[in-house]
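**Student:** For what it's worth, my numbering labels the leading residue of the sequence shown as 219, then goes sequentially.
Glycine included, each C-beta is placed from N, C-alpha and C at the ideal position.
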Amino acid sequence: GRELQDVEEGRGDWSFGILPGYCRTLVIAGDCGGINPLLHGPNDGVITVEETRMCYSAHAHLVVTAPHNYITQHPAAVRATLDFIAGASVPAACYFPGSSR
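Pasting the structure below:
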């Protein structure tokens with residue numbers, strides 16, 4: 219999330235920066251009850267849920283109970299992705315409006 223919005227000199231141009239308002243975005247994060255003690259807060263063993271939120275761009279954010287490597291196979295993640303692609307809202311997702319810098 220944040221890494222894709224940060225623009226720093228020398229980092230390359232892979233950053234998304236602030237996404238335009240017409241760009242619908244769904245972020246799906248995993249939470250296994252904080253299985254990695256080196257990460258503070260809910261996490262999927264690799265990244266915290268908080269790190270998946272996009273600070274400056276509006277987006278839908280869904281958290282599923284799955285470790286990092288299995289998020290894409292979680293039934294709720296698959297259903298949410300299909301609904302989102304079809305243009306439907308994702309009822310279980312929280313919606314964040316984004317903020318200005």
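(1) What did DSSP end up calling T270 once you bin it into helix, strand or coil?
(2) What do you get for A284, buried or exposed, if any count of 16 or more other CB atoms within 10 angstroms of its CB means buried?
(3) For A298, which residues of its own chain have a beta-carbon under 6 Å away from its beta-carbon, when the five flanking residues on both sides are left out?
(4) Would you call the region 290–306 and the region 264–277 in contact, with 3 or more CB pairs under 8 Å?
(5) Terminal residues of the continuous alpha helix (DSSP H) containing L300?
(6) Since I289 contacts D262 with CB under 8 Å, what's their CB separation in whole angstroms?
(7) Drop a sphere of 10 angstroms on the beta-carbon of A247, count the other beta-carbons inside from all chains shown, and report buried for 16 or more, exposed for fewer.
(8) Leaving out five residues before and five after P315 in sequence, what residues of the same chain have Cβ atoms less than 8 Å from its Cβ?
**Tutor:** Concretely, from the data shown:
(1) helix
(2) buried
(3) L280 and V308
(4) no
(5) P293 to I303
(6) 7 Å
(7) buried
(8) A276
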